[in-house]
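Numbering (the working numbering), first residue to last: 229 to 420.
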């Protein structure tokens, strides 16, 4: 029964964080929407901040799974970037408002929380799934790092986030946007 209650709280928190945003979502509203007493919220989450971090982590898990599944059989740098950009675009379209809410900088919400910093770093790992596959190898077959992949991965997360927001506001063509982003990233990483 406790797991079912946690699931209901998570669904309610997700709905409210997406609909209202972090600051307008109150624990008692999450409890009410989940159909549980206010105190039940606090059996699962210390506070709203912890509920938000849990919500954001669940959304990250979903997106990582989608990206990993789609990249399984894809080779070639440009093709991998097309799939990565497409996965983010499709995930956003399938879950309106979720990317904007869940991928709000967790450190902004909880600057002194180690879990928030872990999640912040994990955001950078989202695109490292693609970046790391594009690593070059030397004559002995060992992978060579031309640059800091974690740094590049974090930077690309920001690029993708802002590009997706811009594209949705301007109602840009999905295929052209994916092609433009994947070409830009691929060329920036030194691939032609």
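From the three backbone atoms N, C-alpha and C, an ideal C-beta is built for every residue, glycine too.
If you're wondering where the values come from, they're calculated on a predicted model, not measured in any experiment.
If you look at residue 334, you'll find it in the alpha helix (DSSP H) that goes 334-337.
Inter-residue distance for residue 353 and residue 407 is about 22 Å (C-alpha atoms, whole angstroms). Boundaries of the alpha helix (DSSP H) around residue 262: 255-262.
Residue 404 counts as exposed, since fewer than 16 other beta carbons sit within 10 angstroms of its beta carbon.
Between the stretch 379-386 and the stretch 315-324, the count of Cβ pairs shorter than 8 Å is below three; the stretches do not touch. Put simply, the backbone Cα of residue 243 is about 26 Å away from that of residue 340. Beyond the five residues adjoining it in sequence on each side, residue 240 comes within less than 6 Å, by CB distance, of 258, 261, 262 in the same chain, given in chain order.
Rounded to whole angstroms, the Cβ separation of residue 326 and residue 287 is 6 Å, and the two are in contact under 8 Å.
Sequence-distant partners of residue 418 (beyond 5 residues in either direction) whose C-beta falls short of 8 Å from its own C-beta, in its chain, are 374.
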